[in-house]
Each structure stands twice: as structure tokens, then as C-alpha cells.
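The working numbering numbers the first residue of the sequence shown as 0 and each following residue consecutively. Note that CB positions come from ideal geometry on N, CA and C, so glycine has one too. As the structure is a prediction and not an experimental result, all values here were calculated from the model. Heads up: the structure comes next, in C-alpha cells.
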Amino acid sequence: TSLFNWLFARHHSGKFILRIEDTDFARSSDEMSKGILEGLEWLGLDWDEGPFSQSERIDVYKKKAEELVEKGHAYYCFCLPEEIQKRKHEASSKGEYWEYDRRCLRLTDEEKERFAEEGRPQAIRFLVPEGEIKYRDLVHGSISVENQNIEDFVLLRGDGLPTYHLSVVVDDIEQEITHVIRGDDHITNTPKQVLLYRAFNAPLPEFAHLALILGPDKKKLSKRHGVTSVLQFREEGYFPEAMLNFLAQMSWSPGEDERIYSTEEMIQGFSLEKVSKGSPVFDLAKLEWLNGQWISQMKAEDLAPYVTEELKREKLWTDELANERKNWFLKLIDLLKERSRKIKDFGVRAGPFLSDDFSYDPVGVEKRLKDERLGKLLPALREDFSKMDDFSAEKIEKVLRQRAEKEGVKAALFIHALRMLVVGTPVSPGIFDVLELIGKEKTIERMDRLDSILRRQL
Numbered sequence: 000t001s002l003f004n005w006l007f008a009r010h011h012s013g014k015f016i017l018r019i020e021d022t023d024f025a026r027s028s029d030e031m032s033k034g035i036l037e038g039l040e041w042l043g044l045d046w047d048e049g050p051f052s053q054s055e056r057i058d059v060y061k062k063k064a065e066e067l068v069e070k071g072h073a074y075y076c077f078c079l080p081e082e083i084q085k086r087k088h089e090a091s092s093k094g095e096y097w098e099y100d101r102r103c104l105r106l107t108d109e110e111k112e113r114f115a116e117e118g119r120p121q122a123i124r125f126l127v128p129e130g131e132i133k134y135r136d137l138v139h140g141s142i143s144v145e146n147q148n149i150e151d152f153v154l155l156r157g158d159g160l161p162t163y164h165l166s167v168v169v170d171d172i173e174q175e176i177t178h179v180i181r182g183d184d185h186i187t188n189t190p191k192q193v194l195l196y197r198a199f200n201a202p203l204p205e206f207a208h209l210a211l212i213l214g215p216d217k218k219k220l221s222k223r224h225g226v227t228s229v230l231q232f233r234e235e236g237y238f239p240e241a242m243l244n245f246l247a248q249m250s251w252s253p254g255e256d257e258r259i260y261s262t263e264e265m266i267q268g269f270s271l272e273k274v275s276k277g278s279p280v281f282d283l284a285k286l287e288w289l290n291g292q293w294i295s296q297m298k299a300e301d302l303a304p305y306v307t308e309e310l311k312r313e314k315l316w317t318d319e320l321a322n323e324r325k326n327w328f329l330k331l332i333d334l335l336k337e338r339s340r341k342i343k344d345f346g347v348r349a350g351p352f353l354s355d356d357f358s359y360d361p362v363g364v365e366k367r368l369k370d371e372r373l374g375k376l377l378p379a380l381r382e383d384f385s386k387m388d389d390f391s392a393e394k395i396e397k398v399l400r401q402r403a404e405k406e407g408v409k410a411a412l413f414i415h416a417l418r419m420l421v422v423g424t425p426v427s428p429g430i431f432d433v434l435e436l437i438g439k440e441k442t443i444e445r446m447d448r449l450d451s452i453l454r455r456q457l
């Protein structure tokens, strides 16, 4: 929702106002707020005003609630939570639905004074008028609700803290909010808030409720799906540009092509009319594909700082990669980026290029190295390689294909075997580019491991 609010504001040359709704102290924390701000900054979603913390405006909300009491739009409620729960339980046991019965609206002045003297918590409830609420949602269209289906809801709790309904409406009015774009789990809250706007005699903003993102099990995305915050994806090696495209394209897209769009393209093409009403499913494979697309477009020089940090985490980094082997390092990045979906992939796939200590895929060994012909043919190819002065990809391919033709075998026999011997996996970037980067000496050295690898598999 933050992304769509931001895109909408930028498209219309408006203001993106950041508000921290933290009046529920049991569910809010400074750490949580800090994480939200850091996540927005990482995504590049800059704000024009704020952040405004609602927890610093408790007195303002209390004053506004009391103002509604004075105008006859609200009343004090002395009912204790346990009393309300008891009434709900009694109704439920009879198979009946219970909603607040306006008991405190009918209290006499003497009863109110007695409750106050007893020290009972004093909440404030909105007095829902008769009639019907009608408003237009920019995504869902016209919505209407009979007021009789809305109970007198709490504005100010007994502990003096405001509810979500009161605080957001008061802030919307004071900050002159014109558009409220949020998740469609708030659709049921909107009629109550429309009543509050009217009670305050304030203009109604436009509402747009977006479908919630679902997990693979088609339930609301949550921590149980392994997603804790947007910063988690930063730590796993995703880029903000890919994340923005992923989030946008789940419910909306600036074009028909499945590709990475620039922020400017998204801003220019954004329209709430094109937002889907259906709930999108969080597709991690799609996010990885988009991130891979972004990585493949990046220059090696721009990727280098990220890859450097990843290699340090994997204990593969040496300072010579930033000095005398810098050009080689950039070539390595260019070679690996085409098949890399995340920065973490570089740490895994760079291993055989930076260390002789790597594992061999057992399935690949079984399939690619147990051909009996290799025992005779590889030494011949090894000899060819040892005589080469120019160990470039082009020359390597020429020599290998000549040897294959001479021996009457397909070049693929050598290619698959070399891939397993040199990098330990049945899949890699182009093998001739790989061999050039690893170099003649190490290529030959690893070709000599065939017997020991096969013995290890016995």
C-alpha cells in the first residue's frame, strides 16, 4: 500500500505523507517504526511530510472525542470490558448475535456521577445515527451500508487511548488528506469513518482499498509464510528496483511486457483504475526472476560492492581481488551474473573460481564422469591444453572440438565432463568462458582429479 500511495502521489504531483499509527502500544514499538522507515528508504519511497507519530498526539484525539460528546455525536460509556464479554457470551450461548445496546446512553446524571466516583474507566462511544452510508471506492466502486448494521463503536478507550477510527480521521482532516489508499481489510472500517467525517463536518477523502497479498496457501501473507519485513529481502540479496516491480506488478503493471520498469515509467503509467480487485499470490519465483533480470542489466562495476560483501561473508574474499586481480574479478561478475537470481548466488557459484576446496554434485558425477571413454580421452585433451599459449575461450573451444572430431566423439562428452571437473556442478555459465577465467594451470590440475573423484564415489 505504501508503494501505491507513493506512485499515486508522484503521478498527480501530490504529497506523500508518512504517518506512524502507533497508538496500540501492545502491538507497536520503536524498533517496528524504525524498520518501517528503513524499509521505505531502501525502496526509495521518499515522503514529503512526516513521519508523524500518533502516539505523540493522544491529547489531540481525546479533545476531539470530547468535542463529539458536546455536539451530541458521542457519549460516555462506563461498561467494563468483562461486563461486555459476559453479555456477548450470554447472547452467543442462546445462538444470538450481540452488539452494544446503548446501555450507557440511557444513564442518568446520578448514575454517571456514581460510576465516576467508583473510578470506573470512562470510554467514549460514537452515537451512530439512522440512515445509510454511501461512498465510492476507486477500486471496488459504489459501496453502501445500512447504519443499523453499525453498532456504537468506541472512539476513546477507558485507558484514554484513541481507537484507529478516531485517530486516522482526526489526522486525515488536519493533514488535509485527499486520498486514502490502504488494504481491503479496512473496507469494513470505512463506513464508521465516513460517519466521523460527517460528524466533524469535514470533506470526505477518496478511498481506494487494495486486495491483500496472499501466501501460496491462499491465506493472508504473514510471518508463518516466512515473510517478516521488506528488509528481509534486502538481507537475502534482492535489489529495491526488483522488489518495487514485484510489488507493483502483483496487482498492477505499467505495460504488457514482463520486464523491469523504471521508477519513472511506473509513476507515469500509474492508475488506480488499472488495479486488480483480486488478491495476488506472493510468488517468490517471480520475485527471483525479476531480481535476476535486474542483476543481468547491471554493470559489473555496480555489482562489485555487493558481491564483495557476499564473498567476505563466505570467507572467499582476498584483497588482491580489489587490486591486481580487479579486472579478473569484474570478468567473474560478468560471467556469473547471467544465471544469478540473488546476490547470495554469487557467493555460492564463485567458490570454484576462488578456491580449490569445493564439492562435486554426486548426480552430476554419476551422469557425466563415469563414461569409460574419458579415461583415455581426457589425457589427450589435457595434453592439447598444456601446449596452448593462448588459453582464451575461442581457442579452447577450437582445440576441444578438434580433439572430439579426431577421437570420433561428440564435443558434449568433453564439455559435460570438464564442467563437472572444473566447477563441480552439471550447470554453469559457458564452459569455454569458465575455463578461460579459471586459467590453464588450474584447469589441467582439476582434470587430473578424475580418478580421485571416481574413487570417492565408490
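- Listed in chain order, the non-local C-beta contacts of residue 328 below 6 Å within the same chain comprise 320, local neighbours out to five positions each way being set aside.
- Note on residue 24: under 16 other CB atoms within 10 angstroms of its CB, so exposed under the neighbour-count rule.
- A contact between stretches requires three or more CB pairs, one per stretch, nearer than 8 Å, and the region 153 to 171 fails this requirement with the region 87 to 95.
- Comparing alpha-carbon positions, the option among 148, 300, 132 and 165 lying closest to residue 124 turns out to be 165.
- Within the model, the alpha-carbon separation for residue 72 versus residue 197 is close to 10 Å.
- Taking residue 304 as reference, the option from 263, 346, 122 and 273 with the minimal CA-CA separation is 346.
- Under DSSP, residue 136 forms a beta bridge with 140 and 206.
- Residue 146 and residue 186 have their alpha carbons spaced roughly 15 Å apart.
- The alpha-carbon of residue 366 is positioned some 15 Å away from that of residue 450.
- Scanning 79, 264, 65 and 100 for the CA closest to the CA of residue 114 turns up 79.
- Here residue 103 has 74, 75, 76, 77, 78 and 124 as same chain residues with Cβ atoms under 8 Å from its own Cβ, once five neighbours each way along the sequence are excluded.
- Contiguous beta strand (DSSP E) elements confined to the region 65 to 92 occur at 73 to 76, taking only those with 3 or more residues.
- Inter-residue distance for residue 373 and residue 389 is about 25 Å (C-alpha atoms, whole angstroms).
- By the beta-carbon neighbour count (other beta carbons within 10 angstroms, threshold 16), residue 105 is exposed.
- Residue 275 places its beta carbon 8 Å or farther from that of residue 213.
- Leaving aside the five residues that flank residue 425 on each side, the residues in its chain whose CB is nearer than 8 Å to its CB run, in chain order, 360, 362, 363, 366, 367, 415, 418 and 419.
- Secondary structure of residue 252 (DSSP, three-state): coil.
- The beta carbon of residue 2 sits closer than 8 Å to the beta carbons of 42, 44, 243, 246 and 247 from its chain, once the five residues preceding and following it are set aside; these are given in chain order.
- Residue 182 is bridged by DSSP to 209.
- Rounded to whole angstroms, the separation of the alpha carbons of residue 257 and residue 445 is 41 Å.
- Ranked by Cα distance from residue 307, the first of 331, 143 and 70 is 331.
- DSSP places residue 49 inside the beta strand (DSSP E), whose first and last residues are 48 to 52.
- In the three-state reduction of the DSSP assignment, residue 279 falls in the coil class, being assigned neither a helical nor a strand state.
- Among the bridge pairs identified by DSSP, residue 155 is matched with 123 and 161.
- Burial is judged here by how many other beta carbons sit within 10 angstroms of a residue's own beta carbon; residue 22 has at least 16 and is buried.
- Residue 339 is not a Cβ neighbour of residue 407, given a cutoff of 8 Å.
- Per DSSP, residue 420 lies in no beta strand (DSSP E) segment; the continuous alpha helix (DSSP H) that holds it begins and ends at 410 to 422.
- Residue 241 sits close to residue 293, with the two beta carbons spaced by under 8 Å.
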